[in-house]
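Below you'll find the structure, written out as C-alpha cells, and then a few comments.
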Amino acid sequence: MSSSVLEASRLLKRRWTADEPTFGAWVASDSAHVVELLCAASPDWIVLDGQHGYASLPVVPGLLRAAAISRVPSIVRVPENNGAVIGSMLDLGAVGVIVPMVDDRADAERAASACRYGPAGRRSWGAFRAALAPPAPYTPAVGDETAICLVMVETVKAVANVEEIVAVDGVDGVFVGPLDLAISAGKPPSYTVDDPDVRAQMLHVRDVCRAAGKVVGTFPATAHVHRWVEEGYQFLGLVSDAEVLTRVAGQMLATARKEQA
Ligand code: 3PY
Ligand code: MG
0 MSSSVLEASR
10 LLKRRWTADE
20 PTFGAWVASD
30 SAHVVELLCA
40 ASPDWIVLDG
50 QHGYASLPVV
60 PGLLRAAAIS
70 RVPSIVRVPE
80 NNGAVIGSML
90 DLGAVGVIVP
100 MVDDRADAER
110 AASACRYGPA
120 GRRSWGAFRA
130 ALAPPAPYTP
140 AVGDETAICL
150 VMVETVKAVA
160 NVEEIVAVDG
170 VDGVFVGPLD
180 LAISAGKPPS
190 YTVDDPDVRA
200 QMLHVRDVCR
210 AAGKVVGTFP
220 ATAHVHRWVE
230 EGYQFLGLVS
240 DAEVLTRVAG
250 QMLATARKEQ
260 A
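Quick note on numbering: numbering that gives the first Met the number 0 labels position 165 of the sequence shown as 164, and the sequence is numbered without any gaps.
Dropping the structure here:
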C-alpha cells in the first residue's frame, strides 16, 4: 500500500484506468480495533460507513489512524450530500467520499463541488489532519487531486439521469446501491440482484460509466463477486464487518453444536 493519501488516490485511479478490479472492506462499526483487524487482511481500500454505520465525526479520526497502520486507503460514506460533512471527512484525511442518493446533475454537482477547492468547487480551507501526510505542503491542487468523489446511483430516477450525473466534472465514479435501487423500483432489496430489471439497470450504469471513463462499483453478494468483475465493475465491497462477524460466528457455533449432537 502507498505512503500518502495522494499516492493512494493515484494508485487506485491508475488501477481503475488499467481496468483492474479493486476489492474493499466495509466497516459499520465504530471500533478502531475492527478496522485494524480488517485492514490486516490487506483490502485495496476500506469504507467507513457514516450513513448506515457508526462512522460519525467524533470516531472517524481514530478509524482513519487504525487503517493507516496497514496503509489501507480509507473512504468515508457520508450520511448525506452535505458539503460541510464531506469537507470534514476529507480534512480528517479520508482519501475520498461516497455520497448517497445522488439523483441528478444538481446533486452530483453539489457532491463534486464539496470535494474541490475554488474556483471549481466550494471546499473550505482547513485540512489540518490531511495536511500532516506527505507530500508537504498540502495545497489546494494536492487536495483536489487526492479527493475521490464517488456518487451513489441507487434510485430509478438516478439511473434515468446517469449520463448527466457521470458527465459532471469532479465525479470520479458511481457506486450503485443495489438495495435502495430495488426498493425504488418497488422490488424487494437483494444483494444477489436476482431481479432482471434491476440487473439491467446496473448494467446500463456500467455502460454509461465505462463510456465516460469513470469507475463503477457496487456491494455484491460474496458468491457473485466474479460475475460483477466480469461485467466490468471495479470497485467492489467484498467484506463487511457485520457480515463476517455474524456469519463466521454462526458457522462456528453451528459446527460445534453439530459435533456435540
Ligand atoms: C444499497 O444497496 O442501497 C447500498 O447503499 C449498499 O451499500
Ligand atoms: Mg443505499
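Ideal placement from N, C-alpha and C gives every residue a C-beta, glycine not left out.
Every value quoted in this text rests on a predicted model; they were computed, and no experiment measured them.
Please report the residue range of the beta strand (DSSP E) in which Ala24 lies.
-> 21-26
Got a sec: does the ligand 3PY put a non-hydrogen atom nearer than 7 angstroms to the Cβ of Phe234?
-> no
Selected residue, minimal CA-CA separation from Glu242, among Glu230, Ala255, His225, Pro219 | Pro219
Kindly give me the distance between the Cβ atoms of Trp25 and Ser189, rounded to whole angstroms, as I take these residues to be in contact under 8 angstroms.
-> That pair is no contact at about 17 angstroms.
Would you check if the distance between the CB atom of Arg149 and the CB atom of Val173 is smaller than 8 angstroms?
-> The sequence shown places Leu at residue 149, not Arg. Yes, these two residues count as a Cβ contact at 8 angstroms.
Kindly provide the chain-ordered list of residues whose Cβ lies closer than 6 angstroms to any non-hydrogen atom of the ligand MG.
-> Pro99, Glu153, Gly176, Leu178, Asp179
Sequence-distant residues of its chain with Cβ nearer than 7 angstroms to Val197 (five each side left out) | Pro177, Leu180, Ala181, Ala184, Lys186
Give the C-beta separation of Met88 and Val96 to the nearest angstrom, bearing in mind that I take them to be a contact with Cβ-Cβ under 8 angstroms.
-> Met88 to Val96, Cβ: 6 angstroms. Contact.
Please classify Met251: is it buried, with 16 or more other beta-carbons within 10 angstroms of its beta-carbon, or exposed?
-> exposed
Indicate the three-state DSSP secondary structure (helix, strand or coil) for Trp124 in the structure shown.
-> coil
Local conformation of Arg76 per DSSP, three classes | Under the three-state reduction of DSSP output, Arg76 falls in the strand class.
Local conformation of Gly92 per DSSP, three classes = coil
Assuming His223 and Thr191 form a contact by the criterion Cβ under 8 angstroms, report the distance between their Cβ atoms to the nearest whole angstrom.
-> Their Cβ separation, rounded to whole angstroms, is 6 angstroms, which keeps His223 and Thr191 in contact under 8 angstroms.
With distances taken between CB atoms, is the gap from Arg209 to Gly231 smaller than 8 angstroms?
-> yes
Kindly examine the ligand 3PY and report whether one of its heavy atoms sits closer than 7 angstroms to the Cβ of Met263.
-> Outside the modelled stretch of the chain, which goes from 0 to 260, sits residue 263, for which no answer is possible.
Rounded straight-line distance, which links the Cα of Val161 to that of Trp15 | 19 angstroms
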